[in-house]
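These protein sequence lines are chains A and B, in that order. With the first letter of the first sequence counted as 1, position 342 gets the number 342 in my numbering; the numbers rise by one all the way through. Just add 472 to wherever you are in the second sequence, counting from 1, and you've got my numbering.
Protein chains: 2
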Amino acid sequence: CIYEHVLEPANLRDLNEPLIDHAEGQLFLTQAFNIIVEEVLCKGTDVKQKVCHEKEERDNKNSCHPRFFNQQFAGVDYHALAGRFLTETLNTNLFTYEVAPVFVLMEMEVLRGLRQLVGWTEGDGIFCPGGSTSNIYAMNLARYQLFPEVKSQGLYGLPRLAIFSSPESHYSVKKGAALLGIGTDNVIMVKVDDGGRMIPEDLDQKIELSKSQGAVPFLVSCTSGTTVQGAFDPLDRIADVCDKHKLWMHVDAAWGGSVLFSKQHRHLMKGADRANSVAWNPHKMLVAGLQCSALLLKDTTNLLKRCHSANATYLFQQDKFYDVNLDIGDKSVQCSRKVDCLKLWLMWKAVGSSGLAERVDKAFVHVRYLVEQMKKRDGFHLLREPEFVNVCFWFIPPSLRGKEGNADYQDRLAKVAPTIKERMMKQGTMMVGYQPLGNKVNFFRVIVFSPLVSQKDLDFFLNEIERLGDDL
Amino acid sequence: CIYEHVLEPANLRDLNEPLIDHAEGQLFLTQAFNIIVEEVLCKGTDVKQKVCHEKEERDNKNSCHPRFFNQQFAGVDYHALAGRFLTETLNTNLFTYEVAPVFVLMEMEVLRGLRQLVGWTEGDGIFCPGGSTSNIYAMNLARYQLFPEVKSQGLYGLPRLAIFSSPESHYSVKKGAALLGIGTDNVIMVKVDDGGRMIPEDLDQKIELSKSQGAVPFLVSCTSGTTVQGAFDPLDRIADVCDKHKLWMHVDAAWGGSVLFSKQHRHLMKGADRANSVAWNPHKMLVAGLQCSALLLKDTTNLLKRCHSANATYLFQQDKFYDVNLDIGDKSVQCSRKVDCLKLWLMWKAVGSSGLAERVDKAFVHVRYLVEQMKKRDGFHLLREPEFVNVCFWFIPPSLRGKEGNADYQDRLAKVAPTIKERMMKQGTMMVGYQPLGNKVNFFRVIVFSPLVSQKDLDFFLNEIERLGDDL
Chain A
1 CIYEHVLEPA
11 NLRDLNEPLI
21 DHAEGQLFLT
31 QAFNIIVEEV
41 LCKGTDVKQK
51 VCHEKEERDN
61 KNSCHPRFFN
71 QQFAGVDYHA
81 LAGRFLTETL
91 NTNLFTYEVA
101 PVFVLMEMEV
111 LRGLRQLVGW
121 TEGDGIFCPG
131 GSTSNIYAMN
141 LARYQLFPEV
151 KSQGLYGLPR
161 LAIFSSPESH
171 YSVKKGAALL
181 GIGTDNVIMV
191 KVDDGGRMIP
201 EDLDQKIELS
211 KSQGAVPFLV
221 SCTSGTTVQG
231 AFDPLDRIAD
241 VCDKHKLWMH
251 VDAAWGGSVL
261 FSKQHRHLMK
271 GADRANSVAW
281 NPHKMLVAGL
291 QCSALLLKDT
301 TNLLKRCHSA
311 NATYLFQQDK
321 FYDVNLDIGD
331 KSVQCSRKVD
341 CLKLWLMWKA
351 VGSSGLAERV
361 DKAFVHVRYL
371 VEQMKKRDGF
381 HLLREPEFVN
391 VCFWFIPPSL
401 RGKEGNADYQ
411 DRLAKVAPTI
421 KERMMKQGTM
431 MVGYQPLGNK
441 VNFFRVIVFS
451 PLVSQKDLDF
461 FLNEIERLGD
471 DL
Chain B
473 CIYEHVLEPA
483 NLRDLNEPLI
493 DHAEGQLFLT
503 QAFNIIVEEV
513 LCKGTDVKQK
523 VCHEKEERDN
533 KNSCHPRFFN
543 QQFAGVDYHA
553 LAGRFLTETL
563 NTNLFTYEVA
573 PVFVLMEMEV
583 LRGLRQLVGW
593 TEGDGIFCPG
603 GSTSNIYAMN
613 LARYQLFPEV
623 KSQGLYGLPR
633 LAIFSSPESH
643 YSVKKGAALL
653 GIGTDNVIMV
663 KVDDGGRMIP
673 EDLDQKIELS
683 KSQGAVPFLV
693 SCTSGTTVQG
703 AFDPLDRIAD
713 VCDKHKLWMH
723 VDAAWGGSVL
733 FSKQHRHLMK
743 GADRANSVAW
753 NPHKMLVAGL
763 QCSALLLKDT
773 TNLLKRCHSA
783 NATYLFQQDK
793 FYDVNLDIGD
803 KSVQCSRKVD
813 CLKLWLMWKA
823 VGSSGLAERV
833 DKAFVHVRYL
843 VEQMKKRDGF
853 HLLREPEFVN
863 VCFWFIPPSL
873 RGKEGNADYQ
883 DRLAKVAPTI
893 KERMMKQGTM
903 MVGYQPLGNK
913 VNFFRVIVFS
923 PLVSQKDLDF
933 FLNEIERLGD
943 DL
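Structure (structure tokens):
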């Protein structure tokens, strides 16, 4: 047992002696800071160091490392990190203006900036603890708008509600349907095209079918930047279908939303301004740091507060001396809520919209380079041309090349990625994910967006996959 | 507008030049760190400085200040803060063992330690982004255990479900009922005694009544440490009622849970081990820092994962080379999830269970001192003897003393607390909250638990209330 579980009678010191010694505490904190800089930020970002240390497990996997291609939280931004340190030290709470006046205003301002990129000059929004929560809030808002009585009376007595999404959408759509009492069976999966994009014609048909079966469609949850393939659903054409059926259109742009900063790539989200809500996680592509997830709303009728409020009199007193509309806490299902805006605000102020656009554009250029190199090498087989910065590919080891016709080909191919992954982790050279998808056996998905990545790291990536897989 | 919204064509530098300059970034971070220590931790904890700066709004309200009595997030712990800096820098994610091996094991270990204090030798649990989320998870688990088909089919076709709680319970019970599609009307309010504690006999009667009206009771959400009065519901007697009716017993101990560290005061939660779930926020009384909220479960049947899982194949691959039960992410409704355990683990290791017990015990001693002093002074009128570290009182200004019989007495008394609050905030001398409750007009609630508080601060508190209110 790691703790002393025998609880000794408290040795209560003098009532005038605080339990915290500031000098000692600040010395400890300074030493900890120096170790963090040395071990995590210097050594951890050095390509000559391992990405992970499997044997010793002496530290965690290092997502700051330039060869961490595993998930959408690679890299480090120092301005954002300074904002996070300040947030942690101030330790305040976004529920009332009283305790967090600057951050209440800052959150409003940052949300306004993000909404402007979506194309909205007004609206509402809130930072949530992650994209799943943002998506779930959108579901709850859509339901409340259609049936406000759900808040007080529940679903009891209402017809069956239906949500439409694609099989390549994030799993939080199903988690949300389960949590909200709607049920995962009532998330209707719309067909996708070869690129993993929702097919609007099939959406229209599925909505009609659902209605004919007595359900009440109320929400289409589309995706800008799907998790595995990085596909962008055709928002404009989906908006037409939503208009036709008067459904709430939600865009899960947790991953892809940051293309809105780029003049060159923002066309991928054309039509986003026609949505009712957009979820966008600056903690992914913009490297703001976990957690930084914005739910943006077109609504100007205070729907968020009406849907979520409980009007607790101990917290949201109406006889305060300032404008109580600045007490934004009742817009949230949470009570205590972390300040997630400061890190983004600081980074945005430091590098500007153009600096953030540059990161997005450079990621696309890196991906183009990586794909060209893959095509020049034997053994790398792309699922398809990437639309975003997810590159999905099989590595075909020499022993399997040209054997596509063999009966055991798919079974053997399915074992390649897990074996290479195990080897790379045990050697600590890099990290990249793999998964099956539909009838496609295990393939790698490399995510290229960290501002720490250079072309050398991409060359290394390809060489390393070959080195680890050539004997398979 | 604060940002440069004209998106310039990206000036894409050489592909081999990362977009982040580590030397420059680390210099910035170090300067930021020094400012944080100087401005927030040195000046901010100095009693000679203001708690808030209303006019200039040059910074936020300072919850580290020893005279911040406003809410349950006062104080600072340097070990926890160092853990938070490390968490922010590592920026990893608790969804898989692959990316956070040490923290997956650490979370399991910390949860085990907390469960042991509840009195459970086995069980399950998870850290959630706040106590509201922990309470809502408990509701969802209780519902799933009774009606597992809700997950796939929703509430459609099920009878009306009913939750039992007290009017003094936290508002998240209602928010959760709304979110889960159960409806706030189906949260049945059980009567409380004079101290704000749920009356088990009334609970039993309300359950019977609800059944007779065709509803299906499934959950009693009781409270250990209510938000306003700090009351502890009688858990042992409530457990008898839950046993009788076979209901899930949840204890919202977000605020009060930390008494479990104290030999002297843990009796307040006697019977907690008979509950099915306990929500406990070490970010409150233990000063671990926002967010640190544990949901603890007695369950050993993997209910948490069965209820919440979506089995995403891109993340939770079953052919990994390690024990995939260590991929704990599917226990959560979130996908990305912050590491909330490190700060608590580090603090716990540093000061031990006895050090945390001492903080709890000292808070009670401070409260006893404060109450004694109030009784010695005219003008301080307690709602009742405090059971915990919330002290609820009216300040009766000289002009109202002895005028209880006057027709406008309550109306005038109701205006006292808001006026004093406005004055203290504009002068920045301290912060304390007020609220009405039931038929009781606005009264102050002072929360005494910060390890930075000394007896001098309590004397100051009383003098300051008198100074600010004596002319009213």
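Ideal Cβ positions, reconstructed from N, Cα and C, are used throughout, including at glycine.
Reference D771(B); option with closest CA among T593(B), D942(B), Q544(B) and Q677(B): Within the second sequence, residue 771(B) is the residue found at index 299, counting from 1. Relative to D771(B), the option among T593(B), D942(B), Q544(B) and Q677(B) whose CA is nearest is T593(B).
Nearest candidate by alpha-carbon position, reference D666(B), set N797(B), L944(B) and Q701(B): As a working mapping, residue 666(B) is identified with position 194 in the second sequence. Looking only at N797(B), L944(B) and Q701(B), the smallest Cα-Cα distance to D666(B) is reached by Q701(B).
F395(A) vs F444(A) beta-carbon contact at 9 Å: Position 395 of the first sequence, counted from the first residue, corresponds to residue 395(A). Position 444 of the first sequence, counted from the first residue, corresponds to residue 444(A). Against a cut-off of 9 Å, the Cβ pair of F444(A) and F395(A) comes out as a contact.
V645(B) vs M611(B) beta-carbon contact at 9 Å: Within the second sequence, the letter at position 173 stands for residue 645(B). Within the second sequence, the letter at position 139 stands for residue 611(B). In this structure, M611(B) lies closer than 9 Å to V645(B) by Cβ.
Stretch-stretch touch, CB-based, cutoff 8 Å, three pairs: the stretch 902-918 of chain B with the stretch 332-348 of chain A: Touching, no, given that fewer than three Cβ pairs across the two stretches are closer than 8 Å.
For L767(B), three-class secondary structure by DSSP: As a working note, residue 767(B) is residue 295 in the second sequence. Correct three-state label for L767(B): strand.
Separation of P217(A) from I207(A), as counted between CA atoms: In the first sequence, residue 207(A) corresponds to position 207, counting from 1. In the first sequence, residue 217(A) corresponds to position 217, counting from 1. In this structure, the alpha-carbon of I207(A) lies about 7 Å from that of P217(A).
9 Å Cβ cutoff, D791(B) in contact with chain A: Counting from 1 along the second sequence, the entry for residue 791(B) is found at position 319. A Cβ of chain A is located within less than 9 Å of the beta carbon of D791(B).
In DSSP terms, what A162(A) is bridged to: Translated into the one-based positions of the first sequence, residue 162(A) becomes position 162. Answer by DSSP bridge pairing, in chain order: P217(A).
For Y643(B) and D705(B), the rounded distance between their alpha carbons: For the purposes of this step, residue 705(B) is taken as the residue at position 233 of the second sequence. For the purposes of this step, residue 643(B) is taken as the residue at position 171 of the second sequence. D705(B) and Y643(B) have their alpha carbons spaced roughly 16 Å apart.
Reference I608(B); option with closest CA among V590(B), P923(B), H722(B) and K810(B): Walking along the second sequence from the start, residue 608(B) turns up at place 136. The shortest Cα separation from I608(B) among V590(B), P923(B), H722(B) and K810(B) belongs to H722(B).
Listed by chain order, chain A residues near S624(B) by CB distance under 7 Å: As a working note, residue 624(B) is residue 152 in the second sequence. Under a criterion of Cβ atoms nearer than 7 Å, the residues of chain A adjacent to S624(B) are, in order, G183, T184 and D185.
Any chain A beta carbon closer than 9 Å to V662(B): One-based indexing of the second sequence puts residue 662(B) at position 190. Taking a beta-carbon distance threshold of 9 Å, V662(B) does not count as an interface residue toward chain A.
Rounded separation between M269(A) and R237(A) - CA only: Position 269 of the first sequence holds residue 269(A). Position 237 of the first sequence holds residue 237(A). In a straight line, the C-alpha of M269(A) is about 11 Å away from that of R237(A).
With 16 other Cβ atoms within 10 Å as the buried cut-off, status of R115(A): Along the first sequence, one-based indexing puts residue 115(A) at 115. The residue in question, R115(A), is buried, as its Cβ has 16 or more Cβ neighbours within 10 Å.
Start and end residues, alpha helix (DSSP H) containing L930(B): Taking the second sequence and counting its residues from 1, one reaches residue 930(B) at position 458. First-last of the alpha helix (DSSP H) with L930(B): Q927 to G941.
Top-ranked residue by Cα proximity to D715(B), from G743(B), N935(B) and R615(B): As a first step, residue 715(B) is located in the second sequence; it is residue number 243 there, counting from the start. Taking only the C-alpha atoms, the option nearest D715(B) is G743(B).
Collapsed DSSP secondary structure at T223(A) in the structure displayed: Here residue 223(A) is taken as the residue at index 223 of the first sequence, counted from 1. Assignment of T223(A) by DSSP, reduced to helix, strand and coil, places it in the strand class.
Status (buried if at least 16 other CB within 10 Å, exposed otherwise) for Q544(B): Sequence index remark: in the second sequence, residue 544(B) carries index 72 (1-based). Buried, by the Cβ-count rule.
Local Cβ density within 10 Å of E427(B), reported as buried at 16 or more and exposed below that: The structure shown does not extend to residue 427(B), since chain B spans only 473 to 944, so no value can be given for it.
Proximal residues to L719(B) (C-beta, below 7 Å), its chain only, five neighbours per side dropped: In the second sequence, the residue the question calls residue 719(B) occupies position 247. Only P689, F690, L691 and V692 meet the Cβ criterion.
Closer than 9 Å to chain A by CB, Q498(B): Against the second sequence, residue 498(B) aligns to sequence position 26. Yes, contact with chain A.
Boundaries (first-last residue) of the alpha helix (DSSP H) holding P890(B): Here residue 890(B) corresponds to residue number 418 of the second sequence, with the count starting at 1. Segment Y881 to Q899, the alpha helix (DSSP H) holding P890(B).
W866(B) at chain A interface by Cβ criterion, 9 Å: Here residue 866(B) refers to the residue found at position 394 of the second sequence. Judged by the 9 Å Cβ criterion, W866(B) is not in contact with chain A.
CB contact check: E859(B) to chain A, cutoff 9 Å: Taking the first residue of the second sequence as 1, we reach residue 859(B) at position 387. Interface flag for E859(B) against chain A is unset, since no Cβ pair is found closer than 9 Å.
Contacts of Q71(A) in chain B (Cβ-Cβ under 8 Å): Taking the first sequence and counting its residues from 1, one reaches residue 71(A) at position 71. In chain order, N565 and V571 make up the part of chain B whose C-beta sits under 8 Å from the C-beta of Q71(A).
W345(A) - containing alpha helix (DSSP H), residue span: Along the first sequence, read from residue 1 onward, the residue named residue 345(A) stands at position 345. That run of the alpha helix (DSSP H) goes L342 to K376.
Three-state secondary structure assigned by DSSP to A279(A): Residue 279(A) sits at position 279 when you count from the first residue of the first sequence. A279(A): strand per DSSP, three-state reduction.
Cα-Cα separation between E38(A) and V351(A), rounded to whole angstroms: In the first sequence, counting from the first residue as 1, residue 38(A) sits at position 38. In the first sequence, counting from the first residue as 1, residue 351(A) sits at position 351. Near 25 Å, if we compare the C-alpha coordinates of V351(A) and E38(A).
Residues near W817(B) by beta carbon distance below 6 Å, same chain, minus five either side: If you number the second sequence from 1, residue 817(B) lands on position 345. Excluding positions up to five away in sequence, the list reads M578 and V582.
Closer than 9 Å to chain A by CB, P639(B): For the purposes of this step, residue 639(B) is taken as the residue at position 167 of the second sequence. The beta-carbon of P639(B) is placed no less than 9 Å from the nearest beta-carbon of chain A.
H551(B) in three-state terms, based on DSSP: As a first step, residue 551(B) is located in the second sequence; it is residue number 79 there, counting from the start. The answer is helix: DSSP assigns H551(B) an H, G or I state.
Chain A contact for D883(B) (CB, 9 Å cutoff): As a position in the second sequence, residue 883(B) is number 411, starting the count at 1. Output row for D883(B): interface = no.
Cα-Cα separation, V636(B) to A725(B): Looking up residue 636(B) in the second sequence gives position 164. Looking up residue 725(B) in the second sequence gives position 253. Per the sequence presented here, residue 636(B) reads as Phe, with Val not at that position. If you take the alpha carbons of F636(B) and A725(B), they lie about 16 Å apart.
Spatially closest choice to I800(B) from R556(B), I660(B), L940(B) and G597(B), by CA coordinates: Residue mapping note: residue 800(B) aligns to position 328 of the second sequence, counting from 1. Measuring C-alpha to C-alpha distances from I800(B) to each of R556(B), I660(B), L940(B) and G597(B) identifies G597(B) as the nearest.
Beta-carbon gap between L855(B) and V920(B) smaller than 9 Å: Reading the second sequence from its first residue, position 383 is the one you call residue 855(B). Reading the second sequence from its first residue, position 448 is the one you call residue 920(B). V920(B) is positioned such that its CB atom lies no closer than 9 Å to that of L855(B).
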